[in-house]
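**Q** Shown below is the structure under consideration.
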């Protein structure tokens, strides 16, 4: 009988480098929520050099939805600060390619799409806030989603434009138990590596969200028990902006399929 | 006898807008240290669009010497966030023009140099830390300089490069009374709108400074009594970088002649 040559990797306790390596070889193609629990995850946005400066200024002007974490050199494929040795072309489980504001392709590897005039940006991700909310014992209404996170929603809040980039802010939501809103707001506000304090607490309609059970990004949700929705700026915003602005080309992570960094949550 | 039609403006208690207006009409051509005491002052750097992205990435990678405060649109002359209504072409008392790494001109107005492909950056300034150090009752050795600030010094610390931008960090120094170093470090560390915590405390030679009495930027200084030199990253760094990198063109403020913003020190 042949010896057992399989190996079992616990993805929750894995390092960021392990997750990236599994994505690189094509073994890891699923969402990264809850995985590599000690490490920061990040949103990806790639544009051409022609658009890179305007996009970086957009991020500077909209630090809540687009908190900039790292930038490659023009044509560079490594995030030297957030993940030395990384390869942006294959280290994510799934990518989305937008052209002229339309999602035209989802793929697990963008090597064939990469050009020497591309610049890649990493934006901090609200996934990183999960551990902070848990640590602070913030209580959530029951949902099927991990850490009480729901989907991501289109709001009527306009981002500050920059050059050719303009569009509405996307938010993620958590259904917080009544009385826990202030704690949820204060612990995330003091957390510099994510999206900071909430954008809004309470009535979804006040920021243009018609139905909290039907997020624009993600599956329909069910929520049990009393709750107050709390909304944080979301790193899917650049994808919304690429669509509204009809940017000729933007390559991003697929929602929920993040770049896992080497940066520890501490 | 003609009535007295002169007006006396106290520049220390003036607003940022007043200082800018006086600079704009050519009345104010001197250094801004200690003026408009309730307002943030900022360093200026202007490059062409061709260099703007690489410079912005340089700032992101070197947040202590180059803490980005505001950016104009390409060809835009107004800092909409830091000073609505401002005009970057004339609102500073004095400018320096660098070409291919050489200082070629000092001028009070850059209107004739401006092109539609120029982008202007504001970087936070350590002048803003003066009030914080004073508030915390940090004591300094006696110098002729305001707030115990000395000149700016070239160090042997290499900045993180970005594209064509590379060079050594410039620091400013204050001669702090022995025993007050920790307080000076901690109060500036928690001060987000300036250069943050010190780069170095103590022996100047450790960061390549030969003689603290002879700053590369500013006049020779005299210091009376016991002191420990404390060094903060300085916003003159982009000028040093423009010189070392031989950037075809960079326009900056003249050292000490800052852009005074509308942002209050709080």
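Residue numbers (our numbering), protein chains in the order written: chain Z, 513 to 778; chain W, 513 to 778.
Even glycine gets a Cβ: it sits at the ideal position worked out from N, Cα and C.
Do you know whose CA, among W:754, W:768, W:767, lies nearest residue 564 of chain W's CA?
**A** W:754
**Q** For residue 714 of chain Z, which option in Z:741, Z:720, Z:731 has the closest C-alpha, if you only look at C-alpha atoms?
**A** Z:741
**Q** Please list, in chain order, the chain Z residues whose beta carbon lies closer than 7 angstroms to that of residue 585 of chain W.
**A** 675
**Q** Going by DSSP, name the residue or residues bridged to residue 689 of chain Z.
**A** Its beta-bridge partners do not exist; DSSP assigns none.
**Q** Considering residue 749 of chain W, what are the terminal residues of the alpha helix (DSSP H) in which it resides?
**A** 749-757
**Q** Spell out whether any CB of chain W is found under 8 angstroms from the CB atom of residue 632 of chain Z.
**A** no
**Q** Count the other CB atoms, across all protein chains shown, that sit within 10 Å of the CB of residue 631 of chain W; report buried if there are 16 or more and exposed otherwise.
**A** Burial state of residue 631 of chain W is buried, judged by a 10 Å Cβ sphere holding 16 or more other Cβ atoms.
**Q** Does the separation of the CB atoms of residue 580 of chain W and residue 572 of chain Z fall below 8 angstroms?
**A** It is a contact, given that the beta carbons lie within the stated cut-off.
**Q** If contacts are defined as beta-carbon pairs under 8 angstroms, then residue 455 of chain Z and residue 550 of chain Z qualify, I think. What distance do you get, rounded to the angstrom?
**A** As displayed, chain Z neither begins before 513 nor continues past 778, which places residue 455 of chain Z out of reach and without an answer.
**Q** Looking at C-alpha atoms only, which residue of W:689, W:646, W:723 is the closest neighbour of residue 738 of chain W?
**A** W:689
**Q** Is there a Cβ of chain Z sitting closer than 8 angstroms to that of residue 600 of chain W, yes or no?
**A** no
**Q** Can you tell me whether residue 661 of chain W is helix, strand or coil according to DSSP?
**A** coil
**Q** Please classify residue 587 of chain W as buried or exposed, where buried requires at least 16 other C-beta atoms within 10 Å of its C-beta.
**A** exposed
**Q** CB-CB under 6 angstroms to residue 711 of chain Z, same chain, minus the five flanking residues each way: which ones, in chain order?
**A** 683, 743, 745
**Q** Hey, residue 531 of chain W and residue 763 of chain W: beta-carbon distance below 8 angstroms or not?
**A** no
**Q** What in chain W is Cβ-close to residue 572 of chain Z, meaning under 7 angstroms?
**A** 580, 583
**Q** Quick one: which chain Z residues come within Cβ less than 7 angstroms of residue 701 of chain W?
**A** Neighbours of residue 701 of chain W on chain Z: none; closest Cβ ~13 angstroms, over 7 angstroms.
**Q** Excluding sequence positions up to five away, which residues of its chain have a Cβ less than 8 angstroms from the Cβ of residue 653 of chain W?
**A** 660, 687, 688, 689, 735, 736, 737, 738, 739
**Q** Spatial neighbours of residue 701 of chain W within its chain, please: C-beta separation below 7 angstroms, excluding the five flanking residues on both sides.
**A** 708, 709
**Q** Please report the straight-line C-alpha distance between residue 607 of chain W and residue 725 of chain W, rounded to a whole angstrom.
**A** Distance between the alpha carbons of residue 607 of chain W and residue 725 of chain W is about 26 angstroms.
**Q** From the beta carbon of residue 564 of chain W, is the nearest beta carbon of chain Z less than 8 angstroms away?
**A** yes
**Q** Looking at the C-beta of residue 561 of chain W, does it have a partner C-beta in chain Z at a distance below 8 angstroms?
**A** yes
**Q** So what does DSSP say about residue 716 of chain W, is it helix, strand or coil?
**A** helix
**Q** What do you reckon, are the CB atoms on residue 594 of chain Z and residue 773 of chain Z nearer than 8 angstroms?
**A** Yes, these two residues count as a Cβ contact at 8 angstroms.
**Q** What are the start and end residues of the alpha helix (DSSP H) that includes residue 568 of chain W?
**A** 561-573
**Q** Measure the C-alpha to C-alpha separation of residue 523 of chain W and residue 534 of chain W and round it to an integer number of angstroms.
**A** Roughly 10 angstroms separates the two Cα atoms.
**Q** Tell me the residue span of the beta strand (DSSP E) that contains residue 774 of chain W.
**A** 771-776
**Q** Taking the alpha helix (DSSP H) that residue 642 of chain Z falls in, what are its first and last residues?
**A** 641-647
**Q** Counting only beta-carbon atoms, is residue 568 of chain Z nearer than 8 angstroms to chain W?
**A** yes
**Q** Could you pull the start and end residues of the beta strand (DSSP E) that residue 534 of chain W belongs to?
**A** No beta strand (DSSP E) holds residue 534 of chain W; the alpha helix (DSSP H) holding it covers 528-536.
**Q** Determine the burial state of residue 528 of chain W: buried for a count of at least 16 other Cβ atoms within 10 Å of its Cβ, exposed for fewer.
**A** buried
**Q** Taking the straight line between their C-alpha atoms, what separation do you get for residue 728 of chain W and residue 615 of chain W?
**A** Cα-Cα distance, rounded: 14 angstroms.
**Q** Determine, using beta carbons only, whether residue 669 of chain Z and residue 719 of chain Z come nearer to each other than 8 angstroms.
**A** yes
**Q** Decide if residue 537 of chain W is buried, meaning its Cβ has at least 16 other Cβ atoms within 10 Å, or exposed.
**A** So residue 537 of chain W ends up on the exposed side.
**Q** Use the C-beta contact count for residue 574 of chain Z: other C-beta atoms within 10 angstroms, 16 or more gives buried, fewer gives exposed.
**A** buried
**Q** Helix, strand or coil for residue 698 of chain Z, going by three-state DSSP, please let me know.
**A** helix
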